[in-house]
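One structure is given below, encoded as structure tokens.
2 protein chains.
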Amino acid sequence: MAAAPAISPPIDRVFHALGDPSRRAIVERLARGPLSVSRLAEPLGITVTAVGQHLRLLESCGLVASEKHGRTRVCRIEAAGLITIAQWIAHCRELWETRLDRLGDVLGEE
Amino acid sequence: MAAAPAISPPIDRVFHALGDPSRRAIVERLARGPLSVSRLAEPLGITVTAVGQHLRLLESCGLVASEKHGRTRVCRIEAAGLITIAQWIAHCRELWETRLDRLGDVLGEE
DNA sequence: GAGATAGTCAAGTGATCACTTCACTATTGC
DNA sequence: GCAATAGTGAAGTGATCACTTGACTATCTC
Numbered sequence: 048m049a050a051a052p053a054i055s056p057p058i059d060r061v062f063h064a065l066g067d068p069s070r071r072a073i074v075e076r077l078a079r080g081p082l083s084v085s086r087l088a089e090p091l092g093i094t095v096t097a098v099g100q101h102l103r104l105l106e107s108c109g110l111v112a113s114e115k116h117g118r119t120r121v122c123r124i125e126a127a128g129l130i131t132i133a134q135w136i137a138h139c140r141e142l143w144e145t146r147l148d149r150l151g152d153v154l155g156e157e
Numbered sequence: 048m049a050a051a052p053a054i055s056p057p058i059d060r061v062f063h064a065l066g067d068p069s070r071r072a073i074v075e076r077l078a079r080g081p082l083s084v085s086r087l088a089e090p091l092g093i094t095v096t097a098v099g100q101h102l103r104l105l106e107s108c109g110l111v112a113s114e115k116h117g118r119t120r121v122c123r124i125e126a127a128g129l130i131t132i133a134q135w136i137a138h139c140r141e142l143w144e145t146r147l148d149r150l151g152d153v154l155g156e157e
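Here the protein sequences come in this chain order: E and R.
So for the first sequence, my numbering puts the first residue at 48; every next one is plus one.
So for the second sequence, my numbering puts the first residue at 48; every next one is plus one.
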């Protein structure tokens, strides 16, 4: 066995999703306003199929939402995914600052 | 050709780095205080070699720093990487809010 | 100096990734 | 109804990933 990296709950998927430049470009672009799949594909230099695959992933981790209007799928940004990672960063910062506080206490005691 | 996903500047690497649960655990753990390589490996259930590989990646994108003291490598968290992604999120939020503002203007005009 | 301890290097492996192409199914507009 | 348009599904491919093992180099301790 080449080993398993443990389970993959949402937060993994969100970071992983944003680790890809095409997907990050999609999110950034949708932050400016809703777009169709083919519109999203245009500047990326990849096929609509590939964009569709990225969108499925982005939707699955709360970074994008979409709905079909006729034959067009309209995509828009979804805050949930971004909030997830913002919270993780905040959590880290908290741990870090708590530690600095404790360190300050110890130094203060002397 | 199976296509290239474009260039990979720091921000890609940071997101990619944090997409792995072991690496995220390392960062989280170091937020509580500095640790040696083998201490980091202990709760992860992977070899020190693997941890060393993760650390190299984490260092290369400004999430961790380390220095050798004798035969031990002491690792600590580094803010740069986290700041990078926090800024990206802020950038997205800005785009999104600007758009909402413009939308508000348009609606207000009528 | 000898033996344990801490980490590193090189090579290999199976799994996953980011794409592709080709065939197909809605819709839309003349 | 028919052709163009918008998207989806399945299968395949090369590249990268997250690990491993085994051999090696410091460094510390007695």
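Heads up, the beta-carbon is just placed ideally off N, CA and C, and yes, glycines get one too.
As the structure is a prediction and not an experimental result, all values here were calculated from the model.
Residues of chain E whose Cβ lies closer than 7 Å to the Cβ of Asp59 (chain R) are, in chain order, Gly66 and Pro68. In the DSSP assignment, Arg118 (chain E) falls outside any beta strand (DSSP E), carrying neither H nor E.
Interface annotation, Gly80 (chain R): in contact with chain E, CB-CB separation under 7 Å.
Going by C-alpha positions, Arg71 (chain E) is about 16 Å away from Ser113 (chain E). Near chain R, meaning a CB-to-CB distance below 7 Å, the residues of the segment 80 to 108 of chain E are Gly80 and Ile93. For the C-beta of Ala133 (chain R), the chain E residues within less than 7 Å are, from N- to C-terminus, Ile136. With a threshold of 16 other beta carbon atoms within 10 Å, Leu150 (chain E) falls short and is exposed.
The beta carbon of Leu129 (chain E) sits closer than 7 Å to some beta carbon of chain R. Taking the beta carbon of His63 (chain R) as reference, the chain E residues within 7 Å of it are Gly66, listed in sequence order. Residue ranges of uninterrupted alpha helix (DSSP H) with 4 or more members, entirely inside the segment 63 to 95 of chain E and ordered along the chain, are 68 to 78 and 84 to 88. Taking a Cβ-Cβ cut-off of 7 Å, the neighbours of Val74 (chain E) in chain R comprise Cys139, given in sequence order. Segment contact: the segment 72 to 79 of chain R against the segment 115 to 133 of chain R, three or more CB-CB distances shorter than 8 Å; contact assigned.
Membership of Leu129 (chain E) in the alpha helix (DSSP H) is indicated by the continuous run Ala126 to Glu156. In this structure, Leu104 (chain R) lies near Ala64 (chain R), with their beta-carbon atoms less than 7 Å apart. The beta carbon of Arg146 (chain R) falls within 7 Å of a beta carbon belonging to chain E, placing the residue at that interface. Closest in alpha carbon position to Leu110 (chain R), among E:Val61, E:Ile136 and E:Asp152, is E:Ile136.
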